[in-house]
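Only one structure is covered here, and it is reproduced in the block below.
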Amino acid sequence: MKVLTNNLLSGVEREAVIEMRHALHREPELSNSEWKTQKRIIETLETFGLAEAKTFHKTGVYIDIQGLAAGPNRSIALRGDIDALPIQESRDDLSYKSQVPGVMHACGHDI
432 MKVLTNNLLS GVEREAVIEM RHALHREPEL SNSEWKTQKR IIETLETFGL
482 AEAKTFHKTG VYIDIQGLAA GPNRSIALRG DIDALPIQES RDDLSYKSQV
532 PGVMHACGHD I
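Its first residue numbered 432, the sequence shown is counted upward by one per residue in the numbering used here.
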């Protein structure tokens, strides 16, 4: 098996991202009600020095980051859904199991 090493984030940054993911999973919010999620994303971006996040369509969040690359391969886009589904979490083995009855992140496209 090939092992990939992440050189983009420090250990502290990596742990912060993992904790954010677990926190979002513990406190899921349904579509157009992701107010805590939006706030947490903006606060996390700010801890990484990215203070220019903007909101759209009520609870959406985006940020433009100007890079230094030139040429045809200079752009990259990342997208992630932040809404949860009205489904009961059944994974009792997860330390970050949903704490909201009847609501969980179940789409499989968390980033």
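All C-beta atoms in this analysis are idealised placements derived from N, C-alpha and C, irrespective of residue type, glycine included.
- Residue environment: V534 is assigned as buried (16 or more neighbouring CB atoms within 10 Å of its CB, all protein chains considered).
- With a threshold of 16 other beta carbon atoms within 10 Å, V492 meets it and is buried.
- Listed in chain order, the non-local C-beta contacts of H536 below 8 Å within the same chain comprise L455, H456, P459, A515, L516 and S529, local neighbours out to five positions each way being set aside.
- Counting C-beta atoms within 10 angstroms of its own C-beta, I494 has fewer than 16 neighbours from the protein chains shown and is therefore classed as exposed.
- A501 is positioned such that its CB atom lies no closer than 8 Å to that of T478.
- About 6 Å separates the Cβ atoms of K489 and N463, confirming a contact at the 8 Å cut-off.
- Annotation for I513: E465 and T468 place their beta carbon closer than 6 Å to its own, counting only its chain and skipping 5 residues before and after.
- The straight-line gap separating the alpha-carbon atoms of H453 and Y527 is approximately 5 Å.
- Per DSSP, the unbroken alpha helix (DSSP H) holding G442 starts and ends at G442 to R457.
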